[in-house]
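Novice: There's a structure below that I have some questions on.
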Amino acid sequence: MFVEDSIKTITTTDLQYFNDVDRKTGEYIDYAIKEKYLKWDFLFIYFLGLDQGGHFLNSDNDELMKMKLDELDDYVVKIYNDMSMKDENFIIIVTGDHGMTRHGSHGGSDRTETESAFLISFNNKMFNEKFDNNFINQIDITPTILNLFGIDRTSDSIGITYDFTFNFFERSYMMNL
1 MFVEDSIKTI TTTDLQYFND VDRKTGEYID YAIKEKYLKW DFLFIYFLGL
51 DQGGHFLNSD NDELMKMKLD ELDDYVVKIY NDMSMKDENF IIIVTGDHGM
101 TRHGSHGGSD RTETESAFLI SFNNKMFNEK FDNNFINQID ITPTILNLFG
151 IDRTSDSIGI TYDFTFNFFE RSYMMNL
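This is the structure in structure tokens:
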């Protein structure tokens with residue numbers, strides 16, 4: 001099921017080391033996109049340091065938090081550029097698991113806590129580029145991604161599917177990746 005030695009994990013519970021954990025994540029991204037691993041079908045990347053840093057820094061206006069977001073942007077661009085140069089179909093989904101207040105809290109019902117950034121691209125086409133608001137409610141992430149791949153959501157899902165994944169041609173195309 002997995003390419004030998006292709007699963008890499010990094011753990012830390014020390015909020016003060018959020019730069020180190022994301023640096024290691026970046027090293028694994030470089031490792032994963034090398035020629036040896038062109039055959040992977042799914043790459044899930046979680047920037048633990050960015051998530052923890054947001055809670056530790058307690059403000060999305062902090063200069064260090066801006067640096068972490070810029071670092072994440074650079075990795076997304078790197079992956080996107082690498083995939084765009086290959087003669088393969090690809091999809092990139094960039095999202096988070098939650099939003100956050102300026103004080104670093106999450107899990108509540110405030111809009112800043114329940115919205116998450118959301119971007120979908122495949123083969124150089126942006127699904128949601130025409131939307132002014134590139135945020136999605138966290139409960140809508142799973143049903144939207146499932147719909148994109150033509151998978152029915154479970155009956156107990158309370159999230160909605162965002163309509164930019166409803167186009168049948170695009171959905172059929174994704175099923176043939």
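The C-terminal position of the sequence shown is numbered 177 in UniProt numbering, with every residue numbered one higher than the one before it.
Note that beta-carbon positions come from the ideal geometry of N, C-alpha and C, so glycine has one too.
Report back the beta-carbon spacing between S121 and I141 to the nearest angstrom; my notes put them in contact at under 8 Å.
Specialist: In the sequence shown, residue 121 corresponds to position 121, counting from 1. In the sequence shown, residue 141 corresponds to position 141, counting from 1. Incorrect: roughly 16 Å between the Cβ atoms, too far for contact.
Novice: Would you give the residue range spanned by the alpha helix (DSSP H) that L146 belongs to?
Specialist: Sequence index remark: in the sequence shown, residue 146 carries index 146 (1-based). 141 to 148 is the span of the alpha helix (DSSP H), which, as asked, contains L146.
Novice: State the beta-bridge partners of S116 as determined by DSSP.
Specialist: Within the sequence shown, the letter at position 116 stands for residue 116. In DSSP, S116 forms a bridge with I136.
Novice: Going by beta carbon distance, what residues of the same chain come within less than 6 Å of N81, once the five residues before and after it are set aside?
Specialist: Indexing the sequence shown from 1 puts residue 81 at position 81. Same-chain partners within the cutoff: there are none.
Novice: Contact defined as beta carbons within less than 8 Å: I believe L119 pairs with V94. What is the distance between those atoms, to the nearest angstrom?
Specialist: By one-based count along the sequence shown, residue 119 stands at place 119. By one-based count along the sequence shown, residue 94 stands at place 94. 4 Å between Cβ atoms; contact.
Novice: For M67, which of N147, I45, R23 has the nearest alpha-carbon?
Specialist: For this step, residue 67 is matched to residue 67 along the sequence shown. Nearest C-alpha to M67: R23.
Novice: Where DSSP assigns a beta bridge to V94, which residues make up the other side?
Specialist: Taking the sequence shown and counting its residues from 1, the one referred to as residue 94 is at position 94. According to DSSP, V94 bridges with L119.
Novice: Closest by CA to S109, which one among I92, F90, M85, Q138?
Specialist: In the sequence shown, the residue the question calls residue 109 occupies position 109. Nearest option by C-alpha distance: Q138.
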